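Protein chains in written order, with my numbering: chain A, 119 to 345; chain B, 632 to 844.
Glycine is no exception: its CB is placed at the ideal position from the N, C-alpha and C atoms.
This structure is a prediction, so every number in the text was calculated from the model and none was measured.
One structure is given here, and the rest of the page talks about it.
Quick look at the structure:
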């Protein structure tokens with residue numbers, strides 16, 4: 119008998135999750151459309167004043183992207199719970215935290231990466247100065263995986279409940295306030311011509327901590343939710 | 632079976648095992664021993680804790696009292712490794728994926744027995760030619776067969792089957808019995824729950840009766 123290796127298990131899980139998302143790619147597009155629409159609402163509500171829009175551009179895009187990701191978080195473990203795959207994951211001989219890390223990676227890649235790709239377009243929509251764009255992309259690249267990781271812990275805690283969507287938002291949003299402050303802070307500093315590396319480095323430091331701690335916490339929370 | 636394991640020890644041994652949810656007893660305390668090559672039928676009325684017992688034995692739930700030993704070692708989720716396979720009410724199949732894709736994933740996750748492939752497993756549960764069918768398009772009984780094919784693939788000695796006969800036609804029930812017999816002959820063991828409507832028919836299996844607590 120061949121007891122499969124942990125690498126094989128992770129590869130199998132990644133392949134399965136990518137395949138599932140590809141089969142339901144229409145659903146995967148909705149966070150993207152959501153972010154575009156939310157950002158497009160701001161000029162409509164506030165008027166087409168270039169200076170005002172440029173001032174709020176970075177913050178608006180960050181908030182829209184984080185909210186779009188939050189909407190897709192609820193589905194992270196939901197279908198696996200409903201069809202019993204989650205039990206099989208928990209019962210598998212491999213570390214649950216590693217398997218969940220794979221799932222979180224798939225979530226980030228399929229929701230955050232399209233959002234990152236569309237961010238330059240959103241920046242144009244709000245007349246953001248071109249030289250701030252690289253800082254915005256950097257802070258998005260650091261804050262979106264943080265949201266995926268922190269969000270995964272909260273999803274793991276709430277997945278056992280029905281209608282956990284609003285509760286999830288109430289749990290996740292306060293936790294990502296620091297991420298938002300530092301992400302928007304970096305863009306603000308860049309816009310005013312100040313040094314912006316410090317907030318980005320803070321975000322990087324948190325990302326490193328979250329990369330290690332969040333999958334472990336999510337695994338522990340999931341085991342509690344399943345009982 | 633793993634050759635390093637001591638065969639003289641019972642596969643599974645439960646002593647004074649009980650589970651309570653919010654201090655409401657669900658089952659137990661019960662004692663039983665399951666040896667290699669044995670099929671034991673867990674009988675009990677609805678709500679007598681059959682499913683909960685299987686969840687405790689699989690390690691998904693921690694028992695409130697008592698101990699479970701697997702090959703003489705205390706049972707923990709971390710120790711279960713490749714030894715236990717659970718087939719619950721939820722089959723753990725992805726509706727959007729084909730039968731073969733589902734089984735390939737199960738093999739990736741749980742490993743594979745020597746001398747079997749996902750295709751052979753599908754053929755032996757009577758689903759030859761359904762390799763590329765999405766599970767969504769299969770009937771409830773056919774989905775159950777796919778889940779049985781998963782049991783044939785993964786190298787687990789102890790099977791915990793929750794109502795394996797539900798949704799199956801007469802051929803399906805015979806199939807489950809045949810699969811269980813083969814598993815027992817290979818030195819495996821199984822604990823199956825049934826509310827009595829469809830029973831395990833080959834031989835006279837030992838019964839473990841749970842009463843509503």
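Contacts around residue i, its chain only, beta-carbon distance under 6 Å, and the 5 residues preceding and following it disregarded
i: residue 667 of chain B; result: 642, 818, 820
i: residue 692 of chain B; result: 686
i: residue 156 of chain A; result: 182
i: residue 632 of chain B; result: Note that residue 632 of chain B scores 41 on pLDDT, short of 50, meaning its location in the model is unreliable and no value can be drawn from it.
i: residue 644 of chain B; result: 664, 700
i: residue 795 of chain B; result: 807, 823
i: residue 177 of chain A; result: 302
i: residue 767 of chain B; result: 726
i: residue 761 of chain B; result: 730
i: residue 330 of chain A; result: none
Cβ-based neighbour list, residue i, same chain, cut-off 7 Å, excluding 5 preceding and 5 following
i: residue 814 of chain B; result: 790, 821
i: residue 335 of chain A; result: 271
i: residue 759 of chain B; result: 753
i: residue 343 of chain A; result: 274, 275, 277, 278
i: residue 763 of chain B; result: 729, 731
Contact check, residue i vs residue j, beta carbons under 8 Å
i: residue 261 of chain A; j: residue 321 of chain A; result: yes
i: residue 782 of chain B; j: residue 747 of chain B; result: no
i: residue 199 of chain A; j: residue 290 of chain A; result: no
i: residue 675 of chain B; j: residue 842 of chain B; result: yes
i: residue 263 of chain A; j: residue 325 of chain A; result: yes
i: residue 724 of chain B; j: residue 138 of chain A; result: no
i: residue 244 of chain A; j: residue 172 of chain A; result: yes
i: residue 715 of chain B; j: residue 787 of chain B; result: yes
i: residue 328 of chain A; j: residue 268 of chain A; result: yes
i: residue 314 of chain A; j: residue 307 of chain A; result: yes
i: residue 218 of chain A; j: residue 333 of chain A; result: yes
i: residue 734 of chain B; j: residue 749 of chain B; result: yes
i: residue 246 of chain A; j: residue 304 of chain A; result: no
i: residue 221 of chain A; j: residue 184 of chain A; result: no
i: residue 210 of chain A; j: residue 127 of chain A; result: yes
i: residue 258 of chain A; j: residue 180 of chain A; result: yes
i: residue 792 of chain B; j: residue 702 of chain B; result: no
Residues near residue i by beta carbon distance below 8 Å, same chain, minus five either side
i: residue 671 of chain B; result: 663, 665, 820, 821, 822, 823, 836, 837, 838, 839
i: residue 806 of chain B; result: 756, 757, 776, 779, 799
i: residue 186 of chain A; result: 149, 150, 152, 153, 156, 229, 233
i: residue 292 of chain A; result: none
Per-residue contacts from residue i into chain C (C-beta, under 8 Å)
i: residue 668 of chain B; result: Absent from the structure: chain C. Protein chains present are A and B.
Any residues in the segment 726-739 of chain B with a beta carbon nearer than 9 Å to a beta carbon of chain A? Which ones, in chain order?
726, 727, 728, 732, 733, 735, 736, 737, 738, 739
Any chance the segment 245-255 of chain A sits against the segment 198-218 of chain A, with 3 or more Cβ pairs inside 8 Å?
no
Using Cβ-Cβ distances below 9 Å, what residues of the segment 121-144 of chain A are close to chain B?
121, 122, 123, 126, 127, 128, 129, 130, 131, 133, 134, 137, 138, 141, 142
Are the segment 674-692 of chain B and the segment 712-732 of chain B touching, with three or more C-beta to C-beta distances below 8 Å?
yes
Could you pull out every unbroken alpha helix (DSSP H) segment of at least 4 residues lying fully inside the segment 214-298 of chain A, listed in chain order?
214-225, 231-243, 251-276, 283-293
Would you call the segment 233-240 of chain A and the segment 281-288 of chain A touching, i.e. three or more CB-CB distances under 8 Å?
no
What are the uninterrupted segments assigned as alpha helix (DSSP H) that are 4 or more residues long and contained completely in the segment 715-786 of chain B, given in chain order?
730-741, 749-755, 771-784
Using a Cβ-Cβ cut-off of less than 8 Å, give me the residues of the segment 677-703 of chain B that come near chain A, in sequence order.
689, 690, 691, 692, 693
With a threshold of 8 Å, are at least 3 pairs of Cβ atoms found where one atom belongs to the segment 738-746 of chain B and the other to the segment 127-134 of chain A?
yes
Taking 8 Å as the cut-off, does the segment 692-703 of chain B touch the segment 644-652 of chain B (at least 3 CB pairs, one atom from each stretch)?
yes
Starting from the N-terminal side, write out each stretch of the alpha helix (DSSP H) that is 4 residues or longer and does not extend beyond the segment 639-716 of chain B.
Within the segment 639-716 of chain B, the complete alpha helix (DSSP H) segments at least 4 residues long are 681-689, 708-711, listed from N- to C-terminus.
Does the segment 138-153 of chain A come close enough to the segment 180-193 of chain A to have 3 or more Cβ pairs within less than 8 Å?
As far as the Cβ criterion goes, the segment 138-153 of chain A touches the segment 180-193 of chain A, which means the pair count is three or higher.
If we count Cβ pairs, one from each stretch, closer than 8 Å, do we get three or more for the segment 225-233 of chain A versus the segment 295-303 of chain A?
no
Output, in sequence order along the chain, the residues in the segment 176-204 of chain A whose CB is closer than 7 Å to any CB in chain B.
201, 202, 203
With 7 Å as the limit, tell me which residues of the segment 746-779 of chain B have their beta carbon closer than that to any beta carbon of chain A; keep them in chain order.
none
With a floor of 4 residues, list each alpha helix (DSSP H) that falls wholly inside the segment 125-191 of chain A, ordered by position along the chain.
143-164, 168-191
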